[in-house]
Ligand SMILES: *Cc1c(COP(=O)(O)O)cnc(C)c1O
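Numbering (the UniProt record's numbering), first residue to last: 1 to 339.
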C-alpha cells in the first residue's frame, strides 16, 4: 500500500486477519437508556475492552505486522493511547519499541507506557525535542516510526472496527465516530460505506481545538490552538502536511458535530450511572452529541464507539459524583447526576 493508493475494504479485511491475535473482537451492545433517549436502537461498540484500554491497538498492530523482518524496532512520540498501543503490539511480536517524550510528561504516564514493555527515552522539554529524537532513531539507527493516524496501515487497522460493527448489525443506519486526527473516522467510514453506502457517518469533536473540523470547513489542513478538554485524547493537530486522513474524512464523513465540555461531563455521568461503564471523555462524544440535541439521527439503528478508558481517576470520580472540575485554568461547574 503506498501513500497515494486509496485504501479499500480489502485492506481492512487483510488488517483484520493480521491483528486477530493482538486486538479483541469487541462486543456491540444495545444501550437501553440511549435507545429510550434517542428513539433509535442505540448500540455501543466497546473498544474500552481492548488490551491497553483503547482501539489504537488495532492500527498499531496492523502497521507493526507489516514491517519487514529486519526492522530494528519501532518508535513513536505519543504518551497517550497510541503510545500504549504501539508498546503493547510491539511486545506481542517481540519487536523493540521506543517511546520518545519530553521531561514534562507526568510520571504516571511514563510508568504506564514502561509497564507495557516499551523503552522510554526522555529528551528535552517539548514535544518537538521528542519528535527530533524519534526522527534521529529512524535516520541513524534503523527504527521505523509508527504515526498515530496519518498512515494507510493505521487507518486500515482502525477500519476493522467498522467492519465488525456492520457484520454484527448490517441494519446500522448511522455511526457516531469520535474525531481527532481522523484515522479512526477515515477507517470506520470507509469500511462501513464499502459494505453499505447508505450508512450516515458523523464525526464528533469537542468544540474547542477541533483541528479536523476546522480544516474541513476551510478546505485544507489548518492548525488550531490546543485547549484543555475532558476529551483530552481528541486534542492535537492533523499536521499541515496531512497526506491521507484529511481527504478521507472530508470525503467520507456526511457531517461533523461539535460538543461542549458540559455535554461531555454529562455523557460521562450517563455512561457510568446508566450503563455502569468507565470511559474517558473522548469516548462519550457520540452520546454527548445525541443527549445535547446537537445531532439529528436518521431512522434506523444508531451506533457509537466507546474508544477508550484511560483517564485521570481523580477527575473521573469528581465527575461521576457531580463535583466541579478544573480544565487548565477554568472551572467547569459540577452537577449531581439525576438532580
Ligand atoms: C486517538 C483517539 C481518538 C481519535 O482517533 P483519531 O484517529 O485521532 O481521530 C478517539 N478516542 C480515543 C480514546 C483515542 O485514543
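All residues carry an ideal CB built from backbone N, CA and C; glycine is no exception.
Limits of the beta strand (DSSP E) - the one that residue i falls within
i	result
residue 331	330-332
residue 249	Residue 249 -> not in any beta strand (DSSP E); alpha helix (DSSP H) instead, spanning 245-252.
residue 121	119-122
residue 275	Not the beta strand (DSSP E): residue 275 falls in the alpha helix (DSSP H), residues 261-275.
residue 28	28-30
residue 98	97-101
residue 200	200-206
residue 161	Counting along the chain, residue 161 falls outside any beta strand (DSSP E), though it belongs to the alpha helix (DSSP H) covering 152-168.
residue 175	174-178
Spatial distance of residue i from residue j (CA atoms)
i	j	result
residue 314	residue 326	12 angstroms
residue 334	residue 263	12 angstroms
residue 105	residue 53	20 angstroms
residue 32	residue 22	31 angstroms
residue 323	residue 282	19 angstroms
residue 62	residue 11	10 angstroms
residue 48	residue 234	16 angstroms
residue 328	residue 284	20 angstroms
residue 318	residue 336	10 angstroms
residue 197	residue 126	43 angstroms
residue 229	residue 261	7 angstroms
residue 288	residue 136	41 angstroms
residue 19	residue 58	7 angstroms
residue 3	residue 147	Residue placement at residue 3 is poorly supported in this model, since its pLDDT is 46, which falls under 50; the coordinates still yield a value, given next. Computed Cα separation, rounded: 13 angstroms.
residue 190	residue 17	18 angstroms
residue 119	residue 60	16 angstroms
residue 109	residue 181	21 angstroms
residue 176	residue 140	42 angstroms
residue 40	residue 65	38 angstroms
residue 102	residue 242	24 angstroms
residue 276	residue 70	45 angstroms
residue 162	residue 178	13 angstroms
residue 13	residue 79	29 angstroms
residue 316	residue 293	24 angstroms
Supposed close pair residue i, residue j - CB separation, criterion 8 angstroms
i	j	result
residue 89	residue 99	The pair is not a contact, with the Cβ atoms about 13 angstroms apart (cut-off 8 angstroms).
residue 74	residue 95	6 angstroms
residue 192	residue 166	5 angstroms
residue 207	residue 258	4 angstroms
residue 77	residue 38	Actually they are not in contact, since the Cβ atoms of residue 77 and residue 38 sit about 38 angstroms apart, beyond 8 angstroms.
residue 194	residue 9	4 angstroms
residue 306	residue 44	6 angstroms
Cβ-based neighbour list, residue i, same chain, cut-off 8 angstroms, excluding 5 preceding and 5 following
i	result
residue 224	209, 210, 211, 214 and 237
residue 116	52, 84, 87, 88 and 91
residue 25	164
residue 183	59, 148, 149, 150, 151, 154, 155, 158 and 245
residue 273	320, 337 and 338
Terminal residues of the alpha helix (DSSP H) in which residue i lies
i	result
residue 140	127-141
residue 110	107-115
residue 314	313-320
residue 19	9-19
residue 303	Residue 303 -> not in any alpha helix (DSSP H); beta strand (DSSP E) instead, spanning 302-306.
residue 57	56-65
residue 216	211-218
residue 190	183-195
Heavy atom of ligand 1 within 8 angstroms of residue i beta-carbon
i	result
residue 185	yes
residue 287	no
residue 46	no
residue 67	no
residue 149	yes
residue 246	no
residue 313	no
residue 212	yes
residue 230	no
residue 109	no
residue 310	yes
residue 234	yes
residue 82	yes
residue 316	no
residue 179	yes
residue 215	no
residue 38	no
residue 255	no
Residues near residue i by beta carbon distance below 6 angstroms, same chain, minus five either side
i	result
residue 174	200, 297, 298 and 302
residue 300	173
residue 42	31, 34, 35 and 302
residue 226	209 and 235
residue 222	214 and 215
residue 330	none
residue 304	176 and 286
residue 203	177, 179, 185, 253 and 256
Residues near residue i in its chain [Cβ-Cβ closer than 7 angstroms; skip 5 each side]
i	result
residue 280	233, 308, 309, 310 and 311
residue 143	72, 73, 74, 75, 98 and 137
Residue-chain proximity (residue i, chain B), Cβ-Cβ < 9 angstroms
i	result
residue 278	The question asks about chain B, but that chain is absent: this structure has only one protein chain.
Near ligand 2: residue i beta-carbon under 8 angstroms from a heavy atom
i	result
residue 292	This structure simply doesn't include ligand 2; it includes ligand 1 instead.
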